[in-house]
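Trainee: Please find one structure pasted underneath; my questions will follow.
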Amino acid sequence: MMSYVVEIVKSLGQTAEQLIEKQIIPANKFEYFFEGDDEFFCKPELGLRLTFHNASRRLCSVEFVLINIYDNNDSYSGDMPPPFLHLMDKVTVRALMGEPDSSGGPKKVPVIGLTGGFDAYTCKFSEQYPDTNIHFSYLPDFRVDVLAFERAV
Numbered sequence: 027m028m029s030y031v032v033e034i035v036k037s038l039g040q041t042a043e044q045l046i047e048k049q050i051i052p053a054n055k056f057e058y059f060f061e062g063d064d065e066f067f068c069k070p071e072l073g074l075r076l077t078f079h080n081a082s083r084r085l086c087s088v089e090f091v092l093i094n095i096y097d098n099n100d101s102y103s104g105d106m107p108p109p110f111l112h113l114m115d116k117v118t119v120r121a122l123m124g125e126p127d128s129s130g131g132p133k134k135v136p137v138i139g140l141t142g143g144f145d146a147y148t149c150k151f152s153e154q155y156p157d158t159n160i161h162f163s164y165l166p167d168f169r170v171d172v173l174a175f176e177r178a179v
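Note that our numbering has the sequence shown beginning at 27, numbered continuously upward.
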């Protein structure tokens with residue numbers, strides 16, 4: 027199963043059709059956040075969201091929802107891409123990754139409420155995940171709630 031999540035992350039930049047052909051994701055499981063959106067997504071399993079750019083149909087983001095504050099049943103429980111863990115906090119992330127290339131502190135977001143900020147790393151693990159940016163989103167207590175792998179397409 028570990029090879030499956032690594033393969034998904036390494037599929038950034040490929041089209042939805044390529045991922046379907048390789049049987050990495052199911053066909054006909056795509057949704058839009060809203061009508062006219064420039065991105066669509068697929069949830070191949072709970073807590074795992076793959077986002078595709080609408081025009082190019084290329085995979086631009088792989089998100090692991092580690093703690094879902096809205097619905098505990100929707101958290102990811104499968105294998106994690108190395109070297110990441112299901113339970114991480116800001117101290118753990120920075121010990122593993124070093125200082126972030128960009129970060130944001132806690133802030134209040136309408137509808138969502140208080141967030142713990144984020145840390146973003148540009149091409150940090152380039153041998154494992156080439157041309158891939160890694161983004162950590164934090165809860166107010168600084169636990170990681172979302173780990174995202176992103177690539178511009």
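No residue lacks a Cβ here, since even glycine has one placed at the ideal position from N, Cα and C.
1. According to DSSP, simplified to helix, strand and coil, what is residue 119?
2. Classify residue 100: buried if its beta carbon has 16 or more other beta carbons within 10 angstroms, exposed otherwise.
3. Does residue 113 come out as helix, strand or coil in the three-state DSSP assignment?
4. Assign residue 194 to buried or exposed, taking buried as 16 or more other Cβ atoms, counted over all protein chains shown, within 10 Å of its Cβ.
5. Quick one: what's got a C-beta closer than 7 Å to residue 58's C-beta in the same chain, skipping five residues either side?
6. Runs of 3 residues minimum, wholly inside the stretch 38-109: which ones carry the beta strand (DSSP E) assignment?
7. How many whole angstroms separate the CB atoms of residue 108 and residue 122, which I take to be in contact at a CB cut-off of 8 Å?
8. Are residue 119 and residue 179 close, meaning C-beta to C-beta below 8 Å?
Mentor: Once the coordinates are examined:
1. Position 93 of the sequence shown, counting from 1, holds the residue named residue 119. Helix at residue 119.
2. Here residue 100 corresponds to residue number 74 of the sequence shown, with the count starting at 1. It counts as exposed.
3. Counting from one through the sequence shown, the residue named residue 113 turns up at place 87. DSSP places residue 113 in coil when its eight states are reduced to three.
4. Nothing can be reported for residue 194, as the shown portion of the chain is limited to 27 through 179.
5. Here residue 58 refers to the residue found at position 32 when the sequence shown is read from its first residue. Closer than 7 Å at the Cβ level, and outside the excluded window around residue 58, lie 66.
6. As far as the stretch 38-109 is concerned, its whole beta strand (DSSP E) runs of at least 3 residues are 56-58, 65-71, 74-79 and 85-91.
7. By 1-based counting over the sequence shown, the position of residue 108 is 82. By 1-based counting over the sequence shown, the position of residue 122 is 96. Actually they do not touch by this definition, with Cβ atoms about 11 Å apart.
8. Counted from its first residue, the sequence shown places residue 119 at position 93. Counted from its first residue, the sequence shown places residue 179 at position 153. Cβ distance not < 8 Å, so residue 119 and residue 179 don't count as in contact.
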